[in-house]
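Trainee: Supplied in C-alpha cells, the structure appears directly below.
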Amino acid sequence: MIDKLTVNEHSSIRIGADKVIYFDPFHLVRADHDADIIFITHDHYDHFSPEDIEKCAGSDTLFVAPYTMAKAFSKAKISEERVTFMHAGYSAEILGIPVDAIAAYNAIKPFHPKKNGWLGYVVTLDGKRIYVCGDTDATPEAKDVTCDIICVPIGGTYTIGAKQAAELVNLIKPEIAVPTHYGSTVGKPADADTFAACVEPPIKVVKKL
C-alpha cells in the first residue's frame, strides 16, 4: 500500500489504490482528473485549493470535508450533493471505503482552533488503516487512533514539530510513518531527518517529500 501513496508537496497526498484518493490537493503539476474521492481537512489555502481541485477532480468525483466547510464548498461551486460533510468522531463509507473522522486542532496555538471542527481522516484500503492527520497537535483524539500507516505533520509553527510528531508515532505504533507538512510552506527538509531519528523501531519511516 505504501508504494501507492505519494506526497506531492506539503500535505498534498494521493493514494492510487482501487479507488484514487486525494487529500488536500495543492500545487499539482498535472491535471489528471482522476480522483474518485477528494478529502479536505480544513479551509486554509494550502489545504483547500479550488484551483488544484479542478486539476484532479472529474465529473463524478466525490468529496469529504468538515461540516464547517459547507459555505466554502458552495463558494467554490461544488454541489453539496457530491460532498459528505463530517463531524469529528463520526464514521462513514464512501464508495465502499470506510472513513473515520478525527478531530484536528492546536491545543494551545491559535491557528487551528478545536471549535472550527477541522479534521484528519482514517481510511481503510486493502485492509490497511491509513491515518492522514491534517494540521494538528498531539491531541487526545490523535493519540487514540489505531492505524497501520500514519501521514503526520512535522514542520512545527502551525502543527506539531518533528520531535513531538515522533512521540505521537511512537505512542500509536503504526507499521509505517510518512512525514508531511515540511520543506516548502513551513518546516525545513532537515526536519524529516530529526523525525526519523526519533521514531523507534520497528516503525519504518518512509520519506515521500
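Using the numbering used here, the first residue of the sequence shown is number 9, and each one after it goes up by one.
From the three backbone atoms N, C-alpha and C, an ideal C-beta is built for every residue, glycine too.
What you are looking at is a predicted structure, and each value in this text was computed from that prediction instead of being measured.
1. State the CB to CB distance for the pair Ala112 and Thr49, rounded to an integer number of angstroms; the pair is presumed to be in contact (CB under 8 Å).
2. Using DSSP with H/G/I as helix, E/B as strand and the rest coil, what is Leu70?
3. With a cut-off of 8 Å, do at least 3 Cβ pairs link the stretch 131-140 to the stretch 12-31?
4. By alpha-carbon positions, which one of Pro161, Pro182, Asn178 ends up nearest to Pro197?
5. Decide if the stretch 30-49 is in contact with the stretch 146-153; the criterion is three or more beta carbon pairs, one per stretch, under 8 Å apart.
6. Hey, out of Asp108, Ala73, Lys85, whose CA is closest to Val91's CA?
7. Who pairs with Cys159 in a beta bridge, going by DSSP?
8. To test your reading of the DSSP string, which unbroken alpha helix (DSSP H) runs of 4 or more residues are found completely within the stretch 75-112?
9. Among residues of its own chain, excluding the 5 on either side of Asp60, which ones have a beta-carbon nearer than 6 Å to its beta-carbon?
10. Could you check whether the stretch 150-167 touches the stretch 179-188, counting it as contact only if at least three pairs of C-beta atoms, one from each stretch, sit closer than 8 Å?
11. Looking at the structure shown, is Thr132 part of a helix, part of a strand, or coil, going by DSSP?
12. Got a sec, what are the start and stop residues for the beta strand (DSSP E) Val15 sits in?
13. For Thr202 and Ala170, I'd like the C-alpha separation in whole angstroms.
Mentor: Per the coordinate set shown:
1. Here the question's residue 112 lines up with position 104 in the sequence shown. Here the question's residue 49 lines up with position 41 in the sequence shown. Contact holds; Cβ gap of about 6 Å.
2. In the sequence shown, counting from the first residue as 1, residue 70 sits at position 62. Of the three classes helix, strand and coil, the one that applies to Leu70 here is strand, per DSSP.
3. yes
4. Counting from 1 along the sequence shown, the entry for residue 197 is found at position 189. Closest by alpha carbon: Pro161.
5. no
6. Position 83 of the sequence shown, counted from the first residue, corresponds to residue 91. Of the listed residues, the one whose Cα sits closest to Val91 is Ala73.
7. Taking the first residue of the sequence shown as position 1, residue 159 is located at position 151. Cys159 pairs with Val140, Val186.
8. 78-83
9. As a position in the sequence shown, residue 60 is number 52, starting the count at 1. Result list for Asp60: Pro33, Phe34, Leu36, in chain order.
10. yes
11. Along the sequence shown, one-based indexing puts residue 132 at 124. If DSSP states are grouped into helix, strand and coil, Thr132 belongs with the strands.
12. Stepping through the sequence shown from its first residue, residue 15 is reached at position 7. Val15 -> beta strand (DSSP E) spans 13-17.
13. Here residue 202 corresponds to residue number 194 of the sequence shown, with the count starting at 1. Here residue 170 corresponds to residue number 162 of the sequence shown, with the count starting at 1. Approximately 6 Å, taken between the alpha carbons.
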